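Participant:
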Amino acid sequence: MRLRRLIAAATLVAAAGGLAACSNQPSGASGDGKMRVVAAFYPLQYVAERIGGDRVQVTNLVAPGAEPHDLELQPGQAAQLAGADLVVYLHGFQAEVDAAIDEQHNDKAFDVATVEPLADPPAGVESETLKDPHVWLDPVRLATIADKLTDRMVQLDKGHEADFRSHAKALRSDLETLDREYAQGLATCQRHEIVTSHAAFAYLAQRYHLTQIPISGVSPEEEPTPQHLAQVAELAKEKGVTTIFFETLVSPKVAEALAKEVGAKAEVLDPIEGIEQGSTADYLSVMRDNLTKLKPALGCT
Ligand SMILES: [Zn+2]
247 MRLRRLIAAA TLVAAAGGLA ACSNQPSGAS GDGKMRVVAA FYPLQYVAER IGGDRVQVTN
307 LVAPGAEPHD LELQPGQAAQ LAGADLVVYL HGFQAEVDAA IDEQHNDKAF DVATVEPLAD
367 PPAGVESETL KDPHVWLDPV RLATIADKLT DRMVQLDKGH EADFRSHAKA LRSDLETLDR
427 EYAQGLATCQ RHEIVTSHAA FAYLAQRYHL TQIPISGVSP EEEPTPQHLA QVAELAKEKG
487 VTTIFFETLV SPKVAEALAK EVGAKAEVLD PIEGIEQGST ADYLSVMRDN LTKLKPALGC
547 T
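Sequential numbering of the sequence shown, starting at 247, is according to the working numbering.
Right, here's the structure in full:
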């Protein structure tokens with residue numbers, strides 16, 4: 247019901263926006279000439295900002311420090327979606343965003359899942375209904391997504407094609423450097439199993455030949471059953487796991503209890519679903535932090 251009201255409000259605002267567009271304002275631009283981009287969560291904001299530079303105004307639907315899986319659109323956010331020049335989202339990740347865009351028949355939306363179709367959840371994960379959305383944790387896939395997003399942004403603002411292309415080239419170069427650091431850093435390790443608090447690292451694991459052992463499913467809200475927890479503990483002991491990874495935006499309680507049970511330490515591995523309030527970190531720095539944690543945990547030389 248709440249979502250319907252939001253969408254009704256959005257439709258009114260969109261209609262008002264339609265009237266404003268009758269002025270001689272170039273289409274696809276706000277009053278200051280910048281492209282107004284709405285990103286559904288942080289990594290998409292990061293990519294849009296890197297490509298657009300000062301030619302775009304990017305708004306993130308998720309508040310800093312909030313967890314994006316269970317995003318509930320706030321009053322005005324559906325209107326923001328309807329009124330944006332470009333919406334960057336990942337169909338299958340945030341149900342309310344998907345529903346709002348579907349109901350608006352929003353043709354400004356760029357769906358990242360059309361570039362990199364979402365994988366089935368990793369084996370052993372309880373939920374069979376959800377696909378795995380955490381595609382941004384593979385820098386190679388994120389580079390492909392960024393290239394396609396650049397094409398879309400160029401279509402919307404041809405006058406700044408050269409800027410967008412050169413920013414995109416720099417971003418691709420950064421992501422390729424990051425990929426090399428991971429490939430080299432994780433090339434020779436004693437162990438390859440990572441126990442994680444939710445099943446966010448399958449794309450990363452696939453790229454760098456690791457095996458993820460998730461405590462809960464692809465959504466952090468899925469509580470593990472006692473049987474599943476016992477299985478994870480047993481597997482972790484069997485594989486000689488030294489570190490149980492938890493994350494910043496979700497309670498570490500279960501991971502800490504498991505670490506105690508296994509005789510391992512608990513350490514943060516960030517799925518980069520958001521950046522905490524006041525942090526100066528960005529996608530690249532958090533990915534590098536994660537690599538710094540993974541190497542000793544896996545005994546890499
Ligand atoms: Zn997640």
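We treat Cβ as the ideally placed atom computed from N, Cα and C, and that holds for glycine.
Quantities reported herein were computed from a predicted structural model and do not represent experimental measurements.
In angstroms, rounded to a whole number, what distance separates the CA positions of residue 475 and residue 350?
Facilitator: Their Cα atoms are separated by approximately 41 Å.
Participant: Measuring CB to CB, does residue 502 end up less than 8 Å from residue 517?
Facilitator: No, the Cβ-Cβ distance between residue 502 and residue 517 is not below 8 Å.
Participant: Reducing DSSP to helix, strand and coil, say where residue 421 ends up.
Facilitator: The answer is helix: DSSP assigns residue 421 an H, G or I state.
Participant: Which residue spans inside the region 410 to 472 form an unbroken beta strand (DSSP E) run of at least 3?
Facilitator: If we require 3 residues or more, the beta strand (DSSP E) runs fully inside the region 410 to 472 come out as 439 to 444 and 457 to 462.
Participant: State yes or no: is the C-beta of residue 466 within less than 8 Å of the C-beta of residue 315?
Facilitator: Against a cut-off of 8 Å, the Cβ pair of residue 315 and residue 466 comes out as a contact.
Participant: Check each candidate in 481, 439, 366 and 336 and name the one with the smallest Cα separation from residue 455.
Facilitator: The option with the nearest alpha carbon to residue 455 is 439.
Participant: Taking 7 Å as the cut-off, is the C-beta of residue 337 nearer than that to any heavy atom in ligand 1?
Facilitator: Checking every heavy atom of ligand 1 against the Cβ of residue 337, none is found closer than 7 Å.
Participant: Can you pull the DSSP bridge partners for residue 511?
Facilitator: Paired residues: 489.
Participant: In three-state DSSP terms, what is residue 499?
Facilitator: Three-state DSSP puts residue 499 in a helix.
Participant: Does residue 536 come out as helix, strand or coil in the three-state DSSP assignment?
Facilitator: In the structure shown, residue 536 sits in a helix (DSSP, three-state: H, G or I).
Participant: Which one or two residues does DSSP pair with residue 357 in a beta bridge?
Facilitator: DSSP lists 335 as partners of residue 357.
Participant: Report all residues from its chain with a CB closer than 7 Å to the CB of residue 292; omit the five preceding and five following residues, and keep chain order.
Facilitator: Taken in chain order, the residues that qualify are 528 and 529.
Participant: For residue 326, report the span of its beta strand (DSSP E) as first-last.
Facilitator: Taken as a continuous stretch (DSSP letters only), residue 326 belongs to no beta strand (DSSP E), being part of the alpha helix (DSSP H) at 323 to 329.
Participant: Measuring CB to CB, does residue 327 end up less than 8 Å from residue 284?
Facilitator: Contact: yes.
Participant: Run the proximity test for residue 553: is its beta-carbon closer than 7 Å to any non-hydrogen atom belonging to ligand 1?
Facilitator: Nothing can be reported for residue 553: it is not among the residues displayed for the chain, which extend from 247 to 547.
Participant: Check whether the region 475 to 486 and the region 524 to 544 are in contact - that is, three or more C-beta pairs closer than 8 Å.
Facilitator: Judged by Cβ distances under 8 Å, the region 475 to 486 makes no contact with the region 524 to 544, as fewer than three pairs qualify.
Participant: Could you check whether the region 389 to 399 touches the region 411 to 430, counting it as contact only if at least three pairs of C-beta atoms, one from each stretch, sit closer than 8 Å?
Facilitator: Touching, yes, given that three or more Cβ pairs across the two stretches are closer than 8 Å.
Participant: Please state whether DSSP places residue 344 in a helix, a strand or coil.
Facilitator: Looking at residue 344 - three-state DSSP - the assignment turns out to be helix.
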